[in-house]
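**Student:** First to last, the protein sequences are chains A and W.
Just so we're aligned, residue 1 is where the first sequence starts under UniProt numbering, counting upward by one.
Just so we're aligned, residue 1 is where the second sequence starts under UniProt numbering, counting upward by one.
Beta carbons are placed, not taken as given, at the ideal position from N, Cα and C, and that holds for glycine.
Take a look at the following structure, please.
Protein chains: 2
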Amino acid sequence: MHIIPPQSGAAFELKKGDILTIIDPMGQQVSDMVVFNREDPKEKLSAGKSMDFEESILLTKGNYLWSNRSQKMMEIREDTNGRNDFLLAPCSPETFEIMYDNPEYHPSCQENLYRNLRPYGIDVDDIPTAFNVFMNVQFDDKGKLKVLPPTSKPGDLVRFKAEMDLIVALTACSAEDSNGGTFKPIHYLITDENGMINQ
Amino acid sequence: MHIIPPQSGAAFELKKGDILTIIDPMGQQVSDMVVFNREDPKEKLSAGKSMDFEESILLTKGNYLWSNRSQKMMEIREDTNGRNDFLLAPCSPETFEIMYDNPEYHPSCQENLYRNLRPYGIDVDDIPTAFNVFMNVQFDDKGKLKVLPPTSKPGDLVRFKAEMDLIVALTACSAEDSNGGTFKPIHYLITDENGMINQ
């Protein structure tokens with residue numbers, strides 16, 4: 001079991017067929033995920049393609065995450081919480097300046113993603129809109145958005161199958177409003193189809 | 001007045017302060033728009049940042065379009081139709097294969113964007129989710145998406161002010177389902193604040 005401490009991140013590789021399980025160990029904690037083709041990181045997760053091909057804003061078991069080249073990158077195999085979306089960009093230093101009116105340094109998912117991705121040659125400008133695991137973004141019929149605390153309970157998990165060799169970056173999200181006001185860790189596990197631990 | 005023929009595209013530059021007016025001359029025609037910083041095209045339109053900072057899926061008069069570096073790129077100054085969104089990626093060759101089950105060549109917004117952007121050194125992989133002008137994407141409370149014919153009437157327009165020097169690419173969208181089954185032109189106009197034609 002790998003542990004991402006509160007307000008931090010990690011990056012790692014998956015081989016095609018590997019199973020990635022993202023776990024919210026304490027409940028009410030968001031994890032932002034971005035994904036790149038390991039052979040050519042110019043191919044990466046696309047929120048717009050995923051919502052288009054899956055015909056849904058919310059993605060759960062049975063849905064795929066698609067790349068900017070219209071290829072399947074991951075399949076969602078299991079989702080015990082059932083609320084994840086592709087709408088909002090990872091929180092960034094400017095999120096806290098603009099939306100929280102806080103000009104001081106604040107940890108952010110964007111920083112935690114690109115610092116961990118830098119060894120793979122991936123730059124901050126290359127970070128796409130993340131898949132927001134456990135995030136509870138509510139929308140009304142006029143499209144107005146509101147971020148509520150996650151509905152995830154301790155031990156809730158989302159399980160993904162890699163559809164190609166991948167570079168993955170994950171965070172334990174740093175934004176107060178997205179996580180019920182407290183910062184918790186995120187756990188993850190990499191196994192094969194039979195649940196044998198691969199890494 | 002510039003004319004984009006049906007199922008084609010155009011790219012051009014705007015100076016900070018320029019006013020871009022996109023017009024649907026016949027009604028029910030979508031135009032996909034992508035925008036890059038003219039000085040450094042690694043800075044570009046971000047759907048995730050725009051929906052985040054504007055707290056809305058649908059963007060109209062008074063909203064801004066934001067970049068991946070959390071800077072304002074455009075302000076929406078006028079919108080006579082009132083339905084534009086940031087959800088779905090530009091239609092691509094794969095859209096027609098996967099969603100329309102059509103393996104034959106079909107013109108697409110993605111091709112019409114990158115072919116026009118190539119002289120600016122912008123590659124197909126660099127095309128972000130477009131701002132979908134006049135597109136009528138409907139969503140229910142479960143997040144399920146449905147594309148209906150645009151509600152735009154002949155002469156409807158959306159007017160943008162450039163917040164920095166920009167490279168802009170625009171299309172007259174090529175997807176049957178997004179345009180009420182027929183393909184019409186898109187017109188655009190570049191003026192200063194006082195309506196004087198600049199280009």
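Counting pairs of Cβ atoms below 8 Å between the stretch 157-174 of chain W and the stretch 73-80 of chain A, do you hit three or more?
**Tutor:** no
**Student:** Could you tell me the alpha carbon to alpha carbon distance between PRO149 of chain W and ASP85 of chain A, rounded to whole angstroms?
**Tutor:** Indexing the second sequence from 1 puts residue 149 of chain W at position 149. Indexing the first sequence from 1 puts residue 85 of chain A at position 85. Using only the alpha carbons, I get a separation of about 25 Å.
**Student:** Between MET51 of chain A and chain W, is the shortest Cβ-Cβ distance under 8 Å, so that the two count as touching?
**Tutor:** Within the first sequence, numbered from 1, the residue matching residue 51 of chain A stands at position 51. For MET51 of chain A, the answer is yes, since a Cβ of chain W falls inside 8 Å of its Cβ.
**Student:** Show which residues of chain W have a CB atom less than 9 Å away from the CB atom of LEU117 of chain A.
**Tutor:** Position 117 of the first sequence holds residue 117 of chain A. The contacting residues do not exist; LEU117 of chain A stays about 14 Å from chain W at best.
**Student:** Please state whether the Cβ-Cβ distance between LEU166 of chain W and VAL30 of chain W is less than 8 Å.
**Tutor:** Mapped onto the second sequence, residue 166 of chain W falls at position 166. Mapped onto the second sequence, residue 30 of chain W falls at position 30. For LEU166 of chain W and VAL30 of chain W, no; Cβs fall outside 8 Å.
**Student:** For MET135 of chain A, does the three-state DSSP call read helix, strand or coil?
**Tutor:** The count along the first sequence starts at 1 and reaches residue 135 of chain A at position 135. Reduced to three states, the DSSP call for MET135 of chain A is coil.
**Student:** If you draw a straight line from the C-alpha of THR182 of chain A to the C-alpha of GLU176 of chain A, how long is it?
**Tutor:** In the first sequence, residue 182 of chain A corresponds to position 182, counting from 1. In the first sequence, residue 176 of chain A corresponds to position 176, counting from 1. If I take the Cα positions, the gap works out to 6 Å.
**Student:** If I measure Cβ to Cβ from GLN138 of chain A and keep anything under 8 Å in the same chain, skipping five residues before and after, which residues do I get?
**Tutor:** On the first sequence, position 138 is the one that residue 138 of chain A refers to. These residues qualify, in order along the chain: LEU145, LYS146, VAL147, LEU148.
**Student:** Please classify GLN110 of chain A as buried or exposed, where buried requires at least 16 neighbouring CB atoms within 10 angstroms.
**Tutor:** Counting from 1 along the first sequence, the entry for residue 110 of chain A is found at position 110. By the neighbour-count rule (16 or more Cβ atoms within 10 Å), GLN110 of chain A is buried.
**Student:** Name the residues in the stretch 65-97 of chain A whose C-beta lies less than 9 Å from a C-beta of chain W; which are they?
**Tutor:** TRP66, ASN68, ARG69, SER70, GLN71, ASP85, PHE86, LEU87, LEU88, ALA89, PRO90, CYS91, SER92, PRO93, GLU94, THR95, GLU97
**Student:** Looking at the secondary structure, which residues open and close the beta strand (DSSP E) in which GLY36 of chain A lies?
**Tutor:** As a position in the first sequence, residue 36 of chain A is number 36, starting the count at 1. Inspection of the sequence shows that residue 36 of chain A is occupied by Phe rather than by Gly. PHE36 of chain A -> beta strand (DSSP E) spans 31-37.
**Student:** Could you compute how far the alpha carbon of GLY27 of chain W sits from the alpha carbon of GLY27 of chain A?
**Tutor:** For this step, residue 27 of chain W is matched to residue 27 along the second sequence. For this step, residue 27 of chain A is matched to residue 27 along the first sequence. Taking the CA atoms as reference points, GLY27 of chain W sits about 49 Å from GLY27 of chain A.
**Student:** Can you list, in chain order, the residues of the stretch 162-188 of chain A whose Cβ is nearer than 7 Å to any Cβ on chain W?
**Tutor:** Contact annotation: in the stretch 162-188 of chain A, no residue has its CB less than 7 Å from a CB in chain W.
**Student:** Would you mind sorting MET135 of chain W into buried or exposed? The rule is 16 or more other CB atoms within 10 Å of its CB.
**Tutor:** As a first step, residue 135 of chain W is located in the second sequence; it is residue number 135 there, counting from the start. That one is buried.
**Student:** Count the C-beta pairs between the stretch 94-102 of chain W and the stretch 47-66 of chain W that are closer than 8 Å, then say yes if the count reaches three, no if not.
**Tutor:** In this structure the stretch 94-102 of chain W does not touch the stretch 47-66 of chain W; the number of beta carbon pairs closer than 8 Å is below three.
**Student:** Exposed or buried, what is THR151 of chain A when buried is set at 16 or more other beta-carbons lying within 10 Å of its beta-carbon?
**Tutor:** Here residue 151 of chain A corresponds to residue number 151 of the first sequence, with the count starting at 1. Burial call: exposed.
**Student:** Is the beta carbon of LEU113 of chain A closer than 8 Å to that of THR171 of chain A?
**Tutor:** Here residue 171 of chain A refers to the residue found at position 171 when the first sequence is read from its first residue. Here residue 113 of chain A refers to the residue found at position 113 when the first sequence is read from its first residue. Result yes, Cβ atoms of THR171 of chain A and LEU113 of chain A sit closer than 8 Å.
**Student:** Is it buried or exposed for ILE3 of chain A, if we count other Cβ within 10 angstroms and need 16 for buried?
**Tutor:** As a working note, residue 3 of chain A is residue 3 in the first sequence. Under this definition ILE3 of chain A is an exposed residue.
**Student:** State yes or no: is the beta carbon of GLY121 of chain A nearer than 8 Å to at least one beta carbon in chain W?
**Tutor:** By 1-based counting over the first sequence, the position of residue 121 of chain A is 121. Judged by the 8 Å Cβ criterion, GLY121 of chain A is not in contact with chain W.
**Student:** LYS144 of chain W by DSSP, collapsed to three states: which one?
**Tutor:** Numbered from its first residue, the second sequence carries residue 144 of chain W at position 144. DSSP places LYS144 of chain W in strand when its eight states are reduced to three.
**Student:** Please report how far the alpha carbon of MET33 of chain A lies from the alpha carbon of LEU45 of chain A, in whole angstroms.
**Tutor:** For this step, residue 33 of chain A is matched to residue 33 along the first sequence. For this step, residue 45 of chain A is matched to residue 45 along the first sequence. Using only the alpha carbons, I get a separation of about 9 Å.
**Student:** Could you list which residues in chain A have their beta carbon closer than 9 Å to that of PHE139 of chain W, in chain order?
**Tutor:** Here residue 139 of chain W is taken as the residue at index 139 of the second sequence, counted from 1. Ordered by position in chain A, the residues that pass the 9 Å Cβ test against PHE139 of chain W are SER56, ILE57, PHE139, ASP141, GLY143.
**Student:** Which same chain residues end up closer than 6 Å to ILE23 of chain W when comparing Cβ atoms and leaving out the 5 residues on each side of it in sequence?
**Tutor:** Within the second sequence, numbered from 1, the residue matching residue 23 of chain W stands at position 23. Cβ neighbours of ILE23 of chain W beyond the five flanking positions: LEU157, HIS187.
**Student:** Checking the sheet assignment: what are the DSSP bridge partners for TYR105 of chain W?
**Tutor:** Against the second sequence, residue 105 of chain W aligns to sequence position 105. Partner(s): none; TYR105 of chain W has no beta bridge.
**Student:** For GLU193 of chain A, which three-state DSSP category applies?
**Tutor:** Within the first sequence, the letter at position 193 stands for residue 193 of chain A. It is coil, neither helix nor strand.
**Student:** Starting from the C-beta of ALA11 of chain A, find all residues in its chain whose C-beta is less than 6 Å away, skip the five residues before and the five after it, and write them out in chain order.
**Tutor:** As a first step, residue 11 of chain A is located in the first sequence; it is residue number 11 there, counting from the start. Excluding sequence neighbours, ALA11 of chain A sits near ASN116, LEU117, ALA169.
**Student:** Have a look at PHE131 of chain A and ILE197 of chain W and give me their C-alpha separation to the nearest angstrom.
**Tutor:** Within the first sequence, residue 131 of chain A is the residue found at index 131, counting from 1. Within the second sequence, residue 197 of chain W is the residue found at index 197, counting from 1. In this structure, the CA atom of PHE131 of chain A is about 42 Å from the CA atom of ILE197 of chain W.
**Student:** Name, in chain order, the residues that DSSP records as bridge partners for ALA10 of chain A.
**Tutor:** Within the first sequence, numbered from 1, the residue matching residue 10 of chain A stands at position 10. In DSSP, ALA10 of chain A forms a bridge with A:LEU170.
**Student:** Taking C-alpha atoms, which residue in W:LYS15, W:GLU43, W:THR21 lies nearest to ASP126 of chain W?
**Tutor:** Here the question's residue 126 of chain W lines up with position 126 in the second sequence. When each option's Cα is compared against that of ASP126 of chain W, the closest is W:GLU43.
**Student:** Keeping to the same chain, check which residues put their C-beta closer than 8 Å to that of residue 200 of chain W; ignore five residues upstream and five downstream.
**Tutor:** Limits of chain W in this structure are 1 at one end and 199 at the other, which puts residue 200 of chain W out of reach.
**Student:** Three-state secondary structure (DSSP) at SER70 of chain A?
**Tutor:** In the first sequence, the residue the question calls residue 70 of chain A occupies position 70. SER70 of chain A falls in the coil class under three-state DSSP.
**Student:** In the DSSP assignment, find the alpha helix (DSSP H) that holds ASP156 of chain A and state where it starts and stops.
**Tutor:** Within the first sequence, residue 156 of chain A is the residue found at index 156, counting from 1. Premise fails: ASP156 of chain A lies in the beta strand (DSSP E), 156-162, not in any alpha helix (DSSP H).
**Student:** Counting C-beta neighbours from all protein chains within 10 Å, is the total for GLN7 of chain W 16 or more, i.e. buried, or is it exposed?
**Tutor:** Position 7 of the second sequence holds residue 7 of chain W. Label assigned to GLN7 of chain W: buried.
**Student:** If you draw a straight line from the C-alpha of PRO90 of chain W to the C-alpha of VAL133 of chain W, how long is it?
**Tutor:** Residue numbering aside, residue 90 of chain W sits at position 90 when the second sequence is read from its first letter. Residue numbering aside, residue 133 of chain W sits at position 133 when the second sequence is read from its first letter. Approximately 11 Å between the Cα atoms of the pair.
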